[in-house]
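Participant:
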Amino acid sequence: MPIHVVKRGEWLSTIAQHYGFADWKIIYNHPDNAAFRKLRPNPNVIEPGDQIVIPDPRAGTKSVTTGTSGQFRIKIQKSVLRLVLCQADGKPLADAEYKLTLGDESITGRTASDGRLEHTMPRGTVEAKLMLPDFGRHFTLKIGELDPLDTNGDGTVAAAQARLRNLGYECGPIDGIAGRRTRAAVRAFQADVLARKHPNGLLDRETRNKLVSEHGC
Amino acid sequence: MTDEALELHIAPSNKDDTTFNRIVLSGLDIVIPLEIDLDEDPKTDDAIRLIDRDGDYSRVLEDGDDDVVRDAHAPFLRCTFRVVPPGVYDVDVRLHNKWHTVIAGLQVTSRSVRLNGESFVGTNNLGEFAEADPVPADDDSDDEVAADTVDCPL
Numbered sequence: 132m133p134i135h136v137v138k139r140g141e142w143l144s145t146i147a148q149h150y151g152f153a154d155w156k157i158i159y160n161h162p163d164n165a166a167f168r169k170l171r172p173n174p175n176v177i178e179p180g181d182q183i184v185i186p187d188p189r190a191g192t193k194s195v196t197t198g199t200s201g202q203f204r205i206k207i208q209k210s211v212l213r214l215v216l217c218q219a220d221g222k223p224l225a226d227a228e229y230k231l232t233l234g235d236e237s238i239t240g241r242t243a244s245d246g247r248l249e250h251t252m253p254r255g256t257v258e259a260k261l262m263l264p265d266f267g268r269h270f271t272l273k274i275g276e277l278d279p280l281d282t283n284g285d286g287t288v289a290a291a292q293a294r295l296r297n298l299g300y301e302c303g304p305i306d307g308i309a310g311r312r313t314r315a316a317v318r319a320f321q322a323d324v325l326a327r328k329h330p331n332g333l334l335d336r337e338t339r340n341k342l343v344s345e346h347g348c
Numbered sequence: 006m007t008d009e010a011l012e013l014h015i016a017p018s019n020k021d022d023t024t025f026n027r028i029v030l031s032g033l034d035i036v037i038p039l040e041i042d043l044d045e046d047p048k049t050d051d052a053i054r055l056i057d058r059d060g061d062y063s064r065v066l067e068d069g070d071d072d073v074v075r076d077a078h079a080p081f082l083r084c085t086f087r088v089v090p091p092g093v094y095d096v097d098v099r100l101h102n103k104w105h106t107v108i109a110g111l112q113v114t115s116r117s118v119r120l121n122g123e124s125f126v127g128t129n130n131l132g133e134f135a136e137a138d139p140v141p142a143d144d145d146s147d148d149e150v151a152a153d154t155v156d157c158p159l
């Protein structure tokens, strides 16, 4: 069975589609990917360089009558963009107008009462534009580029920086370097969210876990 | 506010899972007192505008809006602009149906509001506000000034 090495901007659904699987769970739940599942408990948050075993495709059988034509439809699961927008005080940004561009599709809507914004993404979407006109904000959303935040690998700092930025703690560029601005952002997060009287600016286990739970993944 | 869109790294989700990405709009609530009926024309609503110099942000508050509250002790409207992103702003008031700039170059960072080098930190007391110590302008300062709401003079 082939091994797929994850590239930036890929996630399980896109990899499954690439290999002709309608359902990403066929790959993720394959016994040969047990170690991968343990390493990446959230299949939507994987890291470039991760190795995934691609199972052999299972041959299906369908009975057809000779001399007739038929249609075969494959249900491909579409990925979803799911955001929860909040104000700086943690309150949801309820009923806020937004303009979202997903591929060629432009969507105008309002957030739900809990600040939620959710849309199915066209296949191949790796970038989206989000505008909040009432707040003068516009964002470029890089889909699938959020790295896992764990103790392994070199991506821990960059993964933390991405979550800090999403949570409103500006830490400079997402470059994987724990510089002065990153440490200041971590300290601010520790003081605000962990209520630490003496925040140390270090990405310790408690801070990493809280970053993940606060961010949502 | 910056000219470029802020780039955010986002995890995708599936229909049948609960993965989400929380996005917090950083910014300050800025309270600006506005003298009631400044133009002595009771037929026109008092209005104030906060506009950034790139033209990306422009909000108008008028008497009667939810974020405009009459001061209990003075003839002022307390106008609250919510979640104002970092940037450089002008404050305009509407007099006789024309906008006039009354504060130019209000500098909003993620932690404070500064005008001519003077920093305004969170307080609801205009007297305390007027006595706020000036701080050197340094956007990259590591000083942890906790200020979610700031009052600005007019």
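Top line first, the protein sequences correspond to chains A and B. Residue 132 is where the first sequence starts when you use this note's numbering, and the numbers rise one by one after that. Residue 6 is where the second sequence starts when you use this note's numbering, and the numbers rise one by one after that. All C-beta atoms, glycine included, are put in the ideal place defined by N, C-alpha and C.
1. Check whether the Cβ of arginine 58 of chain B lies closer than 9 Å to any Cβ atom in chain A.
2. Is the Cβ of alanine 10 of chain B closer than 9 Å to any Cβ of chain A?
3. Determine contact between the region 292-311 of chain A and the region 27-35 of chain B, defined as no fewer than three beta-carbon pairs at a distance below 8 Å.
4. For a quick check, are the C-beta atoms of leucine 55 of chain B and isoleucine 37 of chain B less than 9 Å apart?
5. So, are the CB atoms of arginine 99 of chain B and aspartate 57 of chain B less than 9 Å apart?
6. Among A/Ile207, A/Thr197 and A/Asp181, whose alpha-carbon lies nearest the alpha-carbon of isoleucine 157 of chain A?
7. With respect to the alpha helix (DSSP H) encompassing tyrosine 150 of chain A, which residues constitute its N-terminal and C-terminal limits?
8. I think valine 211 of chain A touches proline 17 of chain B, with their Cβ atoms under 8 Å apart; what is that distance to the nearest whole Å?
9. Going along the chain, which residues of its own chain have a beta-carbon closer than 8 Å to the beta-carbon of glycine 140 of chain A, five neighbours each way excluded?
10. Can you list the beta strand (DSSP E) stretches of 3 or more residues lying completely in the region 9-48 of chain B, in chain order?
11. Should serine 144 of chain A go down as buried or exposed, given a rule of 16 or more other Cβ atoms within 10 Å for buried?
12. So which residues on chain B does glutamate 276 of chain A lean against when the C-beta distance must stay under 8 Å?
13. In the region 23-44 of chain B, which residues sit with their C-beta less than 9 Å from some C-beta in chain A, listed in chain order?
14. By Cβ distance below 8 Å, which residues in the same chain neighbour valine 93 of chain B in space, the five residues on each side in sequence not counted?
15. List the residues of chain A whose Cβ lies closer than 8 Å to the Cβ of aspartate 61 of chain B, in chain order.
16. Determine, for asparagine 160 of chain A, whether the minimum Cβ-Cβ distance to residues of chain B falls below 9 Å.
17. Which residues does DSSP list as the beta-bridge partners of proline 223 of chain A?
18. Please work out which residues of its chain come closer than 6 Å, Cβ to Cβ, to glutamate 136 of chain B, disregarding the five sequence neighbours upstream and downstream, and give them in chain order.
19. Check the Cβ-Cβ distances between isoleucine 185 of chain A and every residue of chain B, and say whether any is below 9 Å.
20. Does any residue of chain A bring its CB to less than 9 Å from the CB of valine 88 of chain B?
21. Assign serine 344 of chain A to one of three DSSP states: helix, strand, or coil.
22. Relative to the alpha-carbon of tyrosine 62 of chain B, which residue among B/Asp95, B/Val74, B/Asp71 and B/Pro80 has its alpha-carbon at the smallest distance?
23. Provide the residue(s) that pair with arginine 311 of chain A in DSSP beta bridges, ordered along the chain.
24. State the Cα-Cα distance for the pair aspartate 70 of chain B and threonine 271 of chain A, rounded to the nearest angstrom.
25. Return the Cβ separation of threonine 161 of chain B and asparagine 175 of chain A in integer angstroms, given the expectation that the two are a contact with Cβ distance under 8 Å.
26. Where in the region 275-303 of chain A do unbroken runs of the alpha helix (DSSP H), each at least 4 residues long, occur, reported from the N-terminal end onward?
27. Roughly how many angstroms separate the alpha carbons of proline 279 of chain A and alanine 259 of chain A, rounded to a whole number?
28. My output table needs one value for isoleucine 185 of chain A: the three-state DSSP class, helix, strand or coil.
29. Report the neighbours of serine 117 of chain B on chain A: residues whose CB is nearer than 7 Å to its CB, in chain order.
30. So, helix, strand or coil for glutamate 141 of chain A, using DSSP?
31. Within 10 angstroms of the Cβ of glutamate 236 of chain A, are there 16 or more other Cβ atoms? Answer buried if so, exposed if not.
32. What does a CB cutoff of less than 6 Å around arginine 262 of chain A pick up in its chain, not counting 5 residues either side in sequence?
Facilitator: Quick answer:
1. Numbered from 1 along the second sequence, position 53 holds the residue referred to as residue 58 of chain B. So, not an interface residue.
2. The residue you call residue 10 of chain B lines up with position 5 of the second sequence. At least one chain A Cβ lies under 9 Å of alanine 10 of chain B.
3. Three or more Cβ pairs closer than 8 Å define a contact, and the region 292-311 of chain A meets that threshold against the region 27-35 of chain B.
4. Here residue 55 of chain B is taken as the residue at index 50 of the second sequence, counted from 1. Here residue 37 of chain B is taken as the residue at index 32 of the second sequence, counted from 1. When the beta-carbon positions are compared, leucine 55 of chain B and isoleucine 37 of chain B come within less than 9 Å of each other.
5. Here the question's residue 99 of chain B lines up with position 94 in the second sequence. Here the question's residue 57 of chain B lines up with position 52 in the second sequence. Here arginine 99 of chain B is not near aspartate 57 of chain B, since their CB atoms are 9 Å or more apart.
6. For the purposes of this step, residue 157 of chain A is taken as the residue at position 26 of the first sequence. Closest option to isoleucine 157 of chain A, Cα to Cα, is A/Ile207.
7. Here residue 150 of chain A refers to the residue found at position 19 when the first sequence is read from its first residue. Taken as a continuous stretch (DSSP letters only), tyrosine 150 of chain A belongs to no alpha helix (DSSP H), as it is neither H nor E.
8. Taking the first residue of the first sequence as position 1, residue 211 of chain A is located at position 80. Taking the first residue of the second sequence as position 1, residue 17 of chain B is located at position 12. Between valine 211 of chain A and proline 17 of chain B the beta-carbon gap is near 7 Å, inside 8 Å, which marks them as a contact.
9. Within the first sequence, numbered from 1, the residue matching residue 140 of chain A stands at position 9. Short of 8 Å from the beta carbon of glycine 140 of chain A, and not among the five residues preceding or following it, lie these beta carbons of its own chain, in chain order: Val257, Lys273, Ile274, Gly275 and Glu276.
10. Counting whole runs of 3 or more residues, the region 9-48 of chain B contains the beta strand (DSSP E) stretches 11-15, 26-30 and 33-40.
11. As a first step, residue 144 of chain A must be located in the first sequence, where it is residue number 13. Burial call: buried.
12. Position 145 of the first sequence holds residue 276 of chain A. Near glutamate 276 of chain A (Cβ distances below 8 Å), the residues of chain B are His14 and Ile15.
13. Flagged, chain order: Thr23, Thr24, Phe25, Asn26, Arg27, Ile28, Val29, Leu30, Ser31, Gly32, Leu33 and Asp34.
14. Working through the second sequence from its first residue, we reach residue 93 of chain B at position 88. Apart from sequence neighbours up to five positions away, the residues of its chain that approach valine 93 of chain B with a beta-carbon distance below 8 Å are Asp57, Arg58, Gly110, Leu111, Gln112 and Val113, ordered along the chain.
15. Taking the second sequence and counting its residues from 1, one reaches residue 61 of chain B at position 56. Taking the beta carbon of aspartate 61 of chain B as reference, the chain A residues within 8 Å of it are Gly267 and His269, listed in sequence order.
16. On the first sequence, position 29 is the one that residue 160 of chain A refers to. Taking Cβ atoms only, chain B never reaches closer than 9 Å to asparagine 160 of chain A, which makes this a no.
17. The residue you call residue 223 of chain A lines up with position 92 of the first sequence. Beta-bridge pairing links proline 223 of chain A to A/Cys217.
18. Taking the first residue of the second sequence as position 1, residue 136 of chain B is located at position 131. For glutamate 136 of chain B, the predicted structure reports a pLDDT of 31, less than 50, and the residue's modelled location is therefore unreliable. The matter cannot be settled from this model.
19. Here the question's residue 185 of chain A lines up with position 54 in the first sequence. Put simply, the CB of isoleucine 185 of chain A is far from chain B, with every gap to its CB atoms at 9 Å or more.
20. Indexing the second sequence from 1 puts residue 88 of chain B at position 83. Contact of valine 88 of chain B with chain A is assigned, a C-beta pair being separated by under 9 Å.
21. By one-based count along the first sequence, residue 344 of chain A stands at place 213. Note: serine 344 of chain A maps to helix in three-state DSSP.
22. As a first step, residue 62 of chain B must be located in the second sequence, where it is residue number 57. The candidate whose alpha carbon is nearest that of tyrosine 62 of chain B is B/Asp95.
23. Translated into the one-based positions of the first sequence, residue 311 of chain A becomes position 180. Answer is none; arginine 311 of chain A lacks a bridge partner.
24. Mapped onto the second sequence, residue 70 of chain B falls at position 65. Mapped onto the first sequence, residue 271 of chain A falls at position 140. Separation of aspartate 70 of chain B and threonine 271 of chain A (C-alpha to C-alpha, rounded to the nearest whole angstrom) is 31 Å.
25. Because chain B spans 6 through 159 in this model, residue 161 of chain B falls outside it and cannot be assessed.
26. Entirely contained in the region 275-303 of chain A, the alpha helix (DSSP H) runs reaching 4 residues are, in chain order, 287-297.
27. As a first step, residue 279 of chain A is located in the first sequence; it is residue number 148 there, counting from the start. As a first step, residue 259 of chain A is located in the first sequence; it is residue number 128 there, counting from the start. Straight across, the Cα-Cα distance linking proline 279 of chain A with alanine 259 of chain A is about 20 Å.
28. On the first sequence, residue 185 of chain A is found 54 positions in, with the first residue counted as 1. For isoleucine 185 of chain A, the secondary structure class from DSSP, reduced to helix, strand or coil, is coil.
29. Here residue 117 of chain B refers to the residue found at position 112 when the second sequence is read from its first residue. Within chain A, no residue comes near serine 117 of chain B; the closest Cβ sits about 13 Å away, beyond 7 Å.
30. Indexing the first sequence from 1 puts residue 141 of chain A at position 10. DSSP places glutamate 141 of chain A in the coil class of the three-state scheme, outside both helix and strand.
31. Against the first sequence, residue 236 of chain A aligns to sequence position 105. With fewer than 16 Cβ atoms within 10 Å of its Cβ, glutamate 236 of chain A is classed as exposed.
32. The sequence position of residue 262 of chain A within the first sequence is 131, counting from 1. First, the residue type needs correcting, since residue 262 of chain A is methionine and not arginine in the sequence shown. Correct list, in chain order: Lys230 and His269.
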